[in-house]
Each structure stands twice: as structure tokens, then as C-alpha cells.
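In the working numbering, the protein residues as written are 84 to 281.
Here you go:
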């Protein structure tokens, strides 16, 4: 069972339904419910009035953090070449267990670039789940740790490189022995592929 999930930051307070203004502080509570993890975004006045004293005692409480609401940037035309973030979003949307290790590696890469922040680590059915937040959009990503072993890392790195270069539907004429430009660019930026967490 995959635990991948993206939950966007709300544009309005869940308690009073008032839209958030640009640069307005808000609170987020992450709850574990029967249907899965649920995010709840609350404005500062509602937080102080209804949640500040009892948030951690709510059923299914996992985590709480504060943020500053930013008006989402305008939608830009899709780029031709995959970025780590767009690829991660597509992998999560597909929810294919075969791509679980690649999604995990992409999330770690984005964390190292400070594009995602770990908000919480939880254990569910014996598996470690990372809860990431995208600071600019407020989107929440839940990624299961695939428990990679060193002997699997090279293949996963190749899979990630191929996905970054060719996307999820690579052309059939692609030569798998070529080093993709995305990997060359990463090496040029002195970036290394993440190592599995022990």
C-alpha cells in the first residue's frame, strides 16, 4: 500500500471559512484519520479561540506547525523537460508502487535543495512515512520510505535519471546507456544523489 499523498494548503480557514490574505499567518494541524492523513489549515484568530489549548489532544493528532500564507503564483505553461518537483508530483498522482523508490529519492533531493521541508516522520504499519511541505505553495507530500539497501541504490539512481530526462513515458528509441543531461547538470552543480537513510 502506497502512502503517497499531496494535500494543498487551503485558501481559507477551515474553522471560519474566511479567505487567507497574502502574508497572513496560519496554523496547520495534521491528523491521522481512518481515510488517511488529513491537513487542516486555521487562521490565527480561530487558532487562538478554538485550537491553541487543545490541538494536541484531538483524536488522530500527528503534528502542528505555523506558516505564512502566500498567494499562489500564476500558472505557467508546462515545461518540456521534467524537473524533480514536477516529476515527483506526477509519480504521486500515478501512485504506482514501482516508482516508490524514485519518488522517495526525488523527495530527498528536493529537501536537500530546500524546496521541500520535512514537517514530521511517522510510523504506520511498521513503515516510516515522511511528511514534507512545499514552503511556497503549502502543499503537503506524504512519502513512504522504501527502505532501500545499498545494492538497490544504483538502479534507483538510474531510474530517477531516466525519468528526469525522458519523463514517465520515455521514447522507445532512447539509448539507456547514455548519461541523461539532467544527471550531467546535477553533477555539474556538485550535487550528489542522496544516500539511503540507515
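From the three backbone atoms N, C-alpha and C, an ideal C-beta is built for every residue, glycine too.
Taking a 10 Å sphere around the C-beta of residue 208, we find fewer than 16 other C-beta atoms and assign the residue as exposed. Its Cα nearest to that of residue 140, the residue 114 stands out among 251, 114, 213 and 95.
According to the DSSP secondary-structure assignment, residue 115 is paired through a beta bridge with 120. Taking C-alpha positions only, residue 98 is separated from residue 148 by approximately 16 Å. Residue pairing for residue 146: DSSP places it in a beta bridge opposite 113. Within a 10 Å sphere around the beta-carbon of residue 151 sit fewer than 16 other beta-carbons, which makes this residue exposed. For residue 107, there is no enclosing beta strand (DSSP E), since its DSSP letter is neither H nor E. About 6 Å separates the CB atoms of residue 94 and residue 103; that is less than 8 Å, so the two are in contact. The C-beta of residue 128 has fewer than 16 other C-beta atoms within 10 Å across all chains shown, which makes the residue exposed.
With fewer than 16 other beta carbons inside 10 angstroms of its own, residue 251 counts as exposed.
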